[in-house]
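This report concerns only the one structure given below.
Protein chains: 4
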Amino acid sequence: MLVVMEKGTSEEKIKAAVNAIERRGYTARPIPGGDRVSIGILHNKGSVDAAHFLGLDGVKEVIPVTKPYKLVSREFKQENTHIKVGDAVFGNGSFPVIAGPCAVESQNQVLSIAKSVKDAGAKLFRGGAFKPRTSPYSFQGLGKQGLVFLAKAREETGLPIVTEVMDVENFNLVEEYADVVQIGTRNMQNFSLLRRAGKSDRPVILKRGMSATLQEWLMAAEYIMEEGNTNIILCERGVRTFVRHSRNTLDLSVVPAAKKESHLPIIVDPSHAAGVRDQVIPLAYASAALGADGVMIEVHNNPEEAMSDGAQSLYPDQFVTVMEKMNAIHAIIKK
Amino acid sequence: MLVVMEKGTSEEKIKAAVNAIERRGYTARPIPGGDRVSIGILHNKGSVDAAHFLGLDGVKEVIPVTKPYKLVSREFKQENTHIKVGDAVFGNGSFPVIAGPCAVESQNQVLSIAKSVKDAGAKLFRGGAFKPRTSPYSFQGLGKQGLVFLAKAREETGLPIVTEVMDVENFNLVEEYADVVQIGTRNMQNFSLLRRAGKSDRPVILKRGMSATLQEWLMAAEYIMEEGNTNIILCERGVRTFVRHSRNTLDLSVVPAAKKESHLPIIVDPSHAAGVRDQVIPLAYASAALGADGVMIEVHNNPEEAMSDGAQSLYPDQFVTVMEKMNAIHAIIKK
Amino acid sequence: MLVVMEKGTSEEKIKAAVNAIERRGYTARPIPGGDRVSIGILHNKGSVDAAHFLGLDGVKEVIPVTKPYKLVSREFKQENTHIKVGDAVFGNGSFPVIAGPCAVESQNQVLSIAKSVKDAGAKLFRGGAFKPRTSPYSFQGLGKQGLVFLAKAREETGLPIVTEVMDVENFNLVEEYADVVQIGTRNMQNFSLLRRAGKSDRPVILKRGMSATLQEWLMAAEYIMEEGNTNIILCERGVRTFVRHSRNTLDLSVVPAAKKESHLPIIVDPSHAAGVRDQVIPLAYASAALGADGVMIEVHNNPEEAMSDGAQSLYPDQFVTVMEKMNAIHAIIKK
Amino acid sequence: MLVVMEKGTSEEKIKAAVNAIERRGYTARPIPGGDRVSIGILHNKGSVDAAHFLGLDGVKEVIPVTKPYKLVSREFKQENTHIKVGDAVFGNGSFPVIAGPCAVESQNQVLSIAKSVKDAGAKLFRGGAFKPRTSPYSFQGLGKQGLVFLAKAREETGLPIVTEVMDVENFNLVEEYADVVQIGTRNMQNFSLLRRAGKSDRPVILKRGMSATLQEWLMAAEYIMEEGNTNIILCERGVRTFVRHSRNTLDLSVVPAAKKESHLPIIVDPSHAAGVRDQVIPLAYASAALGADGVMIEVHNNPEEAMSDGAQSLYPDQFVTVMEKMNAIHAIIKK
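Protein chains in written order, with my numbering: chain A, 28 to 362; chain B, 28 to 362; chain C, 28 to 362; chain D, 28 to 362.
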């Protein structure tokens, strides 16, 4: 951390700042510049809180130099983390696809979709039993019944199940049925939930918060990893911006940026970002071309009648084409 | 809701869209325009999900007309909701001030600050016992011990206590000690927590999510109210934007906008938005001038040694001046 | 346009609103809903200004239904516009690549780079002679001398030249040397410059403003087209968001969205969005996969010594690989 | 500037980076930290371009320490700049108000409004003769005729005139009629226009760009000041965010932030940010409470028939009350 002093700050104030830093147990090293003095903070384990020093007399700015995450960082562990689920591996350069409906609606629905996405080449099946909805009056999911339907689909197709957990209360239940547990965008900084996920032996898909910086996202992963669970798959799903032509703005630049900073695999969910089918397909191709470690895509056998997010769900036959082209693109960039 | 068809859509496709709408139980009324046909959706109770119709053949756009919230809306209840806590009333045109440190650190600290903010005219005392922190390595609060310290401060000063609850697990505990329960920005769409708050008999301060629209925020309040708790105080605390000169961007325009849409009181927290003392003070004055139903401000007896957010905490003597000027400004705008 | 009245608005106020609308020359048609009355505005040529009606008594909201652009819209012209420059065609399903340095620095530099990008398969050569720079103390470009160097590179390689024009004063000069004139992100709403470009017989690359909605961008194109120049190539180059891991956030969803709304070709500039080479390459592949009508990429023979934006420029040999993979990806999605 | 090297970078790469920095004429000073080496860049005059070093081998990040602006900075000139126009002074702690219609529509209109705002206490009169409009089909202003009308209003009321200039072509003309020349939000980085304004002897109101950081805004002012014109009034008018309840988000935190960084006066335009009257009034009070150096407010004698932005214009009698309360608030905060 670099504490930048105002131009012409007196020796006395600089000393006072040095003392304040050292009182907190750090080493302070003043660095005279052309114009002003900065004070480097050394020997800090983990992150230092900028707020501690920002209000000191004569301090103009406090600039973090070291990143606050540790366990999730590539500096801590150089090689990619590989996460194996069923036939799929996330993080080893392959491109596994997770597909399925937004919400579990009935046993027939999930069986029908699971079979068709398996035939098209998907490696995992997704479906929501507990649905976080902006409105208390919207369909909230089938709950436990939905999990039972998903388990049946796994039994019939062999595809591992990905489903969302919304709270600590239902974690045991979801964990019992799911092969991979998903933490949604609105819960990315639900620290109690992250801690609970850290104690699970299920891999976790951690969706990016709607306005989370890469650093905040990695810190959320750090909460999970710090509790012992190292199987975390990051999932970009669009961020909130001023843009109105799509539901959220898919930030594909975060994929190479995350790979540089962290050893964790990162996949992309183009469905929720786009909100409409016409955008989901090209964004899925873009995700494959980008070098993501997989994608998660919504597919519905009857989007017109879907209980949630029908407009963004692909038809099963569209999904077949999308799979073929994504795989062909992936083969090119892996050459 | 208005379903806008593409220019030159065939009669057949329009009929199909009308049928799709009516199959979901709504009334569809086609409205021929100069250029294109739109279809109005009538007799919908509560909100209609745009996603249901966005993917239909020939549909160009789906435009919500009615707002999705009901209980919290001013159309549902015209008069302001008044929420009485101790000597303070939120929503009746007065300007109660909540003050205290970011985090509870010790019994002496909270007693000292509570006395000084009471003398300066604050009506409620705030302090965090459970702290949501971006980093798992940052100070996480004293937990139950912190609540006990707060209760002692109430005993000595008579000021009601405001403190944050982070999860359903600790809700009973926090509720037992707190006079007002706060739900933080990262939990604004933690729907399980909102539901639990809806069953509490404590008033709830609901902070705005870091990138929540006014509509999403009111929908979060709707979750609480739908469970039976009508005592909700909205709290603007800054939103995430591209701006870098302050921690978040305080969106003061949301105060008149929320008052127009909802009968709930709305207060402002300038401390977390600004992140630095130099900005907190002018933003506190601005909040008073704007007609907010109160403010929440961080005050610390020794900001240099604070365990969190020292840079944004006012010194007790600064707070005295701020109180005087805020009250004088409030008197002018209430004339 | 739909003028939504408040719930329970009196007949009288509705009549007054209808009159106010008709006084401005439009047809007003009241549409009674379940809850409230809305008034449709018909027979408007071009866009109607929402601000005219938003302040009327009893009006809750004004919702635009028709888009304000006309000449650039796909409803106006169904088929893609094809823009031919040298050997390249933008908009016909091919994938022409524009490459070159950020700034023209010397005759040798542009000759060397032009030759290498031509060999790698680029169809147009780019280079800045007039540089818009945030700081008045940064290198501002070589001006006319730079144009002369570019012309020489065209002479030697046969590649048409793309270069930026910053103001009306220098338009004649730039037009004389350039085959395609570029309008930069900061000038997207410099209406005087747009009008001048509309009178040019050169194709125009219109970069998206840093925080422009798709609608504002298309309206900027409408300014150009309204003056007579129909050869406009849209160029996405990243928008401003809260994100800090890349210079701007490349909004790839705008490509399918723009193609749906407009007949104009749209290309992507991954270099300026990313700001660092490590991100430029994957984003270039993503742009090819997405179905963009081309890309514009910065290449420099000696990025370490570049006078501007060295960190985002590809090395010539990197560019060779990027070209091969982009072309292979393009072939897949065009199947 | 601080060049942060990756953890464990070899001595050799560090030396190479030091050499690359010194080849550009700077002094490089390596600073060993606990975890990694950083290299300080000293003796740089003005700003250093981060892009020069970001792509070097082994470089993890480049962090600016010194701000790139010079002439506009408070470090360069400690005392506030005072700008006198007619009876008003901007920057001396007073609170001058600029008022008038969005657009000049007729001689009667401007005379009527000018008289009423003068009576209410406004010190300058504003009105647009050249209007930057998103749509080429919207009313573009009366041009020179509008300037003549404004001059007549000055003659009759004695109020100095503020009006916008959109391009270099019309600068001479506008300068001839206006007492203060305004540069609009869309032209904040129209560098040719800024340079021309720098050669004018008129004070300039420089509106903040719709997504400009404080630093970019001050750099735009630096362009003007570097050409010799030191009379620059900054004007905050709202920035673009995800928010939808107001047209733009008024960023009041920029007022104290700008005052800390720069000696220039800063005023607030609540009208364009809000877009609706109900928000303009409270935001005007907030601006007065915040310590801004003035405000600019739209007032119209007949908002229902206004040719642009009627919904945000105050009625003359509303403006009287607003003036009284703003002045009373200003008196309190100046105590």
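Ideal placement from N, C-alpha and C gives every residue a C-beta, glycine not left out. Remember, it's a predicted structure, so these values are computed and weren't measured experimentally.
Check: D/Ser-340, enclosing beta strand (DSSP E) - first and last residue; Outcome: From DSSP, D/Ser-340 is part of no beta strand (DSSP E); its letter is neither H nor E.
Check: Against chain A: residues of the segment 162 to 173 of chain B by CB proximity under 8 Å; Outcome: Ser-162, Pro-163, Tyr-164 and Ser-165
Check: Boundaries (first-last residue) of the alpha helix (DSSP H) holding A/Thr-276; Outcome: It is not in any alpha helix (DSSP H) - A/Thr-276 carries neither H nor E in the DSSP assignment.
Check: is_contact[C/Glu-243, chain D] using C-beta, thresh 8 Å; Outcome: yes
Check: Proximal residues of chain C, C-beta to C-beta of D/Glu-253 below 9 Å; Outcome: Pro-163 and Tyr-164
Check: Near the ligand FAD: C/Asn-328 beta-carbon under 7 Å from a heavy atom; Outcome: Among the ligands in the structure shown, none appear at all, so the ligand FAD cannot be discussed.
Check: Chain B contact for D/Gly-118 (CB, 8 Å cutoff); Outcome: no
Check: Inter-residue Cα distance where the pair is C/Asn-199 and C/Val-192; Outcome: 10 Å
Check: From D/Phe-346, D/Lys-286 and D/Ala-338, residue whose alpha carbon lies closest to that of D/Leu-317; Outcome: D/Lys-286
Check: Unbroken alpha helix (DSSP H) run spanning D/Gly-67, endpoints; Outcome: Not the alpha helix (DSSP H): D/Gly-67 falls in the beta strand (DSSP E), residues 64 to 69.
Check: Cross-chain neighbours of D/Val-266 in chain G, by beta carbon under 9 Å; Outcome: You won't find chain G in this structure, because its protein chains are A, B, C and D.
Check: Cutoff 8 Å: D/Asn-354 Cβ touching any chain C Cβ; Outcome: no
Check: Buried versus exposed call for B/Lys-362 [16 or more other C-beta atoms within 10 Å across all chains shown]; Outcome: exposed
Check: CB contact flag (A/Ser-335, A/Phe-152, <8 Å); Outcome: no
Check: Local Cβ density within 10 Å of C/Gln-172, reported as buried at 16 or more and exposed below that; Outcome: exposed
Check: Residue-chain proximity (D/Tyr-312, chain B), Cβ-Cβ < 8 Å; Outcome: yes
Check: Where D/Phe-157 falls, given that 16 or more other Cβ within 10 Å makes a residue buried; Outcome: buried
Check: Contact under 8 Å by Cβ, C/Phe-269 with B/Thr-161; Outcome: no
Check: Contacting residues, own chain, Cβ-Cβ under 7 Å from C/Leu-81 (five flanking each side not counted); Outcome: Val-89
Check: Beta-carbon proximity of D/Gln-216 to C/Arg-213, cut-off 8 Å; Outcome: yes
Check: Whole-Å CB distance - A/Phe-117 paired with A/Ile-260, under 8 Å assumed; Outcome: 5 Å
Check: Proximity below 8 Å, CB of B/Ser-280 to CB of D/Ala-284; Outcome: no
Check: Amino acids of chain B, ordered along the chain, whose beta-carbon sits closer than 7 Å to that of C/Val-31; Outcome: Val-92
Check: Alpha-carbon spacing of C/Val-349 relative to D/Ser-219, whole angstroms; Outcome: 36 Å
Check: Span of the beta strand (DSSP E), counted from its first residue to its last, around D/Pro-309; Outcome: D/Pro-309 -> not in any beta strand (DSSP E); alpha helix (DSSP H) instead, spanning 304 to 317.
Check: Helix, strand or coil at B/Thr-108 according to DSSP, with G and I counted as helix; Outcome: coil
Check: Start and end residues, alpha helix (DSSP H) containing D/Met-252; Outcome: 241 to 253
Check: Unbroken beta strand (DSSP E) run spanning B/Pro-297, endpoints; Outcome: No beta strand (DSSP E) holds B/Pro-297; the alpha helix (DSSP H) holding it covers 297 to 301.
Check: Close Cβ partners of C/Glu-331 (< 8 Å) along its chain, the five nearest in sequence each way excluded; Outcome: Gly-337
Check: Short Cβ contact (8 Å threshold) for A/Val-195 with B/Asp-194; Outcome: yes
Check: Presumed contact (8 Å Cβ cut-off) between B/Val-124 and B/Gly-148, rounded CB distance; Outcome: 7 Å
Check: B/Val-131 versus A/Val-75 - alpha carbon distance; Outcome: 20 Å
Check: Extent of the continuous beta strand (DSSP E) run through A/Thr-93; Outcome: From DSSP, A/Thr-93 is part of no beta strand (DSSP E); its letter is neither H nor E.
Check: Within chain A, the residues that C/Asp-305 reaches when beta carbons sit closer than 7 Å; Outcome: Pro-283 and Lys-287
Check: Contact check, A/Asn-256 vs A/Gly-225, beta carbons under 8 Å; Outcome: yes
Check: D/Met-350 - DSSP class collapsed to helix/strand/coil; Outcome: helix
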